[in-house]
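What follows is one structure encoded as structure tokens, with my remarks underneath.
Protein chains in written order, with my numbering: chain D, 369 to 619; chain E, 362 to 689; chain P, 657 to 970.
In structure tokens, the structure reads:
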């Protein structure tokens, strides 16, 4: 459990009635969520339930069609806010790593620091190297992403977010594209982050990891929240039939 | 009724967080203004004045920008998008129809005058036959030479490599039409007279074998030495190694660029028109003088299309087959 | 092990060379029915020689002098065959094909160079226009990606990739005026080449755009880069590397194709050379024309083959 989860003076991330449409389909149907500072929230749901879309709405990589997202009390869905600053403050880790193949590992991590945070190149590279050390990849800084294993690439992606010193990090199924033996090295890094008090929103089906690290579990189905609550409670005594079905299916 | 109302509500809700230019009310205002501009300001049929032309271009650009805003928004309903793209296409043809200065009443009479095509179809058949002969002869010969030269280049003998490299460099840089003209119109000065057909074949073979030399060389060189060693280790003889290990792999690498090259060879046979080979284009031009209408030339283009589009699709399908095979 | 599989046989190789050379030099070139036998015999000489020649080249154990000598022998045979079959008036080669006096007549070289200038103009105009056209089409095809528009773009690409350039040139030049669209030959040539090249470039750019996954943009944006920065720092460096070899290949093809505009009376290199050839009754202008193309295109082809070698492999 994270150390600071009880200071709930002001929520870190708050979503109010998020709707999202794609062409003909109504993907998100009014989702509310509150994630406190230092809290780890997990999103679960079958594919097509809208969990990834919701996650992407939180840093406006996907524009919500309706509803508001607040970061530390500021409405970021307002068209006048500078999305790029918001995104710089909220890290994101993707399922397929999405590293930039034409840059070295160090350049990947330093990119945002140089062009978004406007740090001098040498300072940015130092910070990037530190971030890479934190995920245990200090030896691989000059390599290109293609030369690394999947687990290592995903850790670079985490370092890329970390280097920006974000207020929160969003994880979109970070381990589902990995070979089984590489899953743990990534989860280990994530658990350390959670223990250090990083606010995290994680889309994941790794029950064991969630039980240890997640404070709150949100279960989505067909674009709506069907159940939410403390992780252990939802996992052990699910109230909703849909949740029970889903948990049976993934075990 | 309620259905329509909920649909409209639905659409309005989706616009809630869109930037202003993507909101329905602004798109609607833009559309109305744009149609009004068409009715009020667009010049009439025929060639417009420069100012009018500028107006027309501006009007179309606005339309395309409006359409782009609509089509790149993933939230907009499919129905609306389809309507937008349909109107873009209609507008495009309308632009051409209205302002190109074409005399549409004469198009059918000039370009598709089938009443004057008596006897031309037979001419086409003869021309197509020559085109086919030219393609096949040139293709077979250039594959033979390309393969031979390709293998010779992989041997790595500096003397051979120098000469074959020169051949490749020259004929990849020399336009086909220039080498045809040189062979057919310049060589007779020296007393070397080739029939037009064989002059065309020679030019086609010289150029395409240069391209194919490189294709075959790349194919053979792409097979790692380890493959040969592995086959040897299994106890395969050189013939079996070639047949079961090297050729199947080289084949898959060579086929896509080779088919591309052969398709363009077939297209290039049309150039033989300039040295009076009686192929399809030449016969079409003869028919133009004979019938005193451009119809035969226009229709010959369709004959080319009818021959080549299926050929291109066939090669593309072959490539996809090979890709699937490669993955497996 | 190797020596057992591939054995070089120098003695038969030398014998084959002597026999072949003897045949090519001694037996008179025949015509009529004998010609079929003659062709077969010449081909047989080469096939037999190559079968003995290739093992010598592959064999690592064969001495270097033997390898080089046999290569030289092959060239001697090829030269012998060439002179045997191309039975020309070789003494007049210099006068007819490499005649400096002809080209130094007043106006000759100037006209050739103005032809080159016009060819370059046709090339540049159609290059710029077709690049714009191709980029526009590719963006609509892969980013707007609307089924109906895709259908029309695919149809355009199919048609103009299938039509031979020379046919389209003649159709636009000789048929369009009948319908009331009157363009100068130069404009006609540019339009026809642009349409064809635009179709090819649509495909080239499209593969470049589609090779870069949407996720690359998403992840760049999620760091906080602006759309323009994501384009400049992430998308462009990758797509340029993918597109450049194909693009430059098309560019070379386009330059070569400008020669075909000579059929619609554009006074480019080939047209000028042909005019001068009939005026001077001498083939030198054509040779100079060919050389001009080589001077322009040779560096380009070299550059492209270097690009292709360094192309990243997926």
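Each residue gets a CB set at the ideal place from its N, CA and C atoms; glycine is no exception. Being a predicted model, the structure only gives us computed values, none of them experimental.
- Between the stretch 399 to 415 of chain D and the stretch 459 to 470 of chain E there are fewer than three inter-stretch CB-CB distances shorter than 8 Å, so the stretches are not counted as touching.
- Taking every protein chain shown into account, the CB of residue 801 of chain P has fewer than 16 other CB atoms within 10 angstroms, so this residue is exposed.
- For the pair residue 587 of chain E and residue 512 of chain E, the Cα-to-Cα distance works out to about 19 Å.
- Excluding the 5 residues flanking it on each side, residue 807 of chain P has no same chain C-beta neighbour closer than 8 Å.
- Out of E:681, E:604 and E:553, the CA that lies nearest to the CA of residue 743 of chain P is found in E:553.
- Nearest CB-CB separation between residue 391 of chain D and chain E: below the 8 Å threshold.
- Here residue 877 of chain P is buried, its C-beta having at least 16 other C-beta atoms within 10 Å.
- The beta carbon of residue 521 of chain E sits closer than 8 Å to the beta carbons of 513 and 514 from its chain, once the five residues preceding and following it are set aside; these are given in chain order.
- Taking CB atoms only, residue 463 of chain E has a neighbour in chain P less than 8 Å away.
- Chain E has no Cβ within less than 8 Å of the Cβ of residue 417 of chain D.
- A check of alpha carbon separations from residue 813 of chain P across E:679, E:365, E:675 and E:670 identifies E:670 as the nearest.
- Considering only beta carbons, the part of the stretch 432 to 445 of chain D lying closer than 7 Å to chain E consists of 432, 433, 434 and 445, in chain order.
- The DSSP-derived three-state label of residue 386 of chain D is strand.
- For residue 537 of chain E, same chain residues with a beta-carbon under 8 Å away, outside a window of 5 residues either side, are 564, 565, 568, 629 and 632 in chain order.
- In this structure, E:652 is the residue among E:652, E:679, E:683 and E:672 with its C-alpha nearest to the C-alpha of residue 473 of chain E.
- Proximity of residue 439 of chain E to chain D, defined by a Cβ-Cβ separation below 8 Å, is satisfied.
- Residue 543 of chain D carries a coil assignment under DSSP once its states are collapsed to helix, strand and coil.
- Looking from the CA of residue 489 of chain E, the closest CA among E:453, E:445 and E:662 belongs to E:662.
- With its beta carbon less than 8 Å from one in chain D, residue 878 of chain P belongs to the interface.
- When DSSP states are grouped into helix, strand and coil, residue 918 of chain P belongs to the helix group.
- With a cut-off of 8 Å on Cβ pairs, the stretch 759 to 770 of chain P is not in contact with the stretch 952 to 968 of chain P, counting fewer than three such pairs.
- Between the alpha carbons of residue 445 of chain D and residue 615 of chain D lies a distance of about 33 Å.
- In summary, the residues of the stretch 521 to 537 of chain E whose CB is separated from some CB of chain P by less than 8 Å are 521, 524, 530, 531, 533, 534, 535, 536 and 537, in the order they occur in the chain.
- DSSP, read as helix, strand or coil, puts residue 603 of chain E in helix.
- For residue 808 of chain P, the closest Cβ of chain E is nearer than 8 Å.
- For residue 680 of chain P and residue 748 of chain P, the gap between their C-alpha atoms comes out near 23 Å.
- At a cut-off of 3 residues, the continuous stretches assigned as beta strand (DSSP E) that sit fully inside the stretch 387 to 462 of chain D are 393 to 403, 408 to 412, 434 to 439 and 458 to 461.
- Secondary structure of residue 638 of chain E (DSSP, three-state): coil.
- For a Cβ distance threshold of 8 Å, nothing in chain D lies close to residue 384 of chain E: the least Cβ distance comes to about 11 Å.
- Between the alpha carbons of residue 644 of chain E and residue 516 of chain E lies a distance of about 45 Å.
- For residue 470 of chain D, the chain P residues whose Cβ falls inside 9 Å of its Cβ are 890, 893, 894, 897 and 968, in order along the chain.
- DSSP places residue 930 of chain P inside the alpha helix (DSSP H), whose first and last residues are 925 to 936.
- For residue 779 of chain P, the number of other beta carbons within 10 angstroms of its own is at least 16, and it is reported as buried.
- A Cβ-Cβ distance of about 5 Å is found for the pair residue 529 of chain E and residue 571 of chain E, placing them in contact under the 8 Å criterion.
- For residue 522 of chain D, the enclosing alpha helix (DSSP H) has its first and last residue at 518 to 530.
- If only uninterrupted beta strand (DSSP E) runs of at least 3 residues are considered, those enclosed by the stretch 532 to 581 of chain D are 536 to 540 and 567 to 571.
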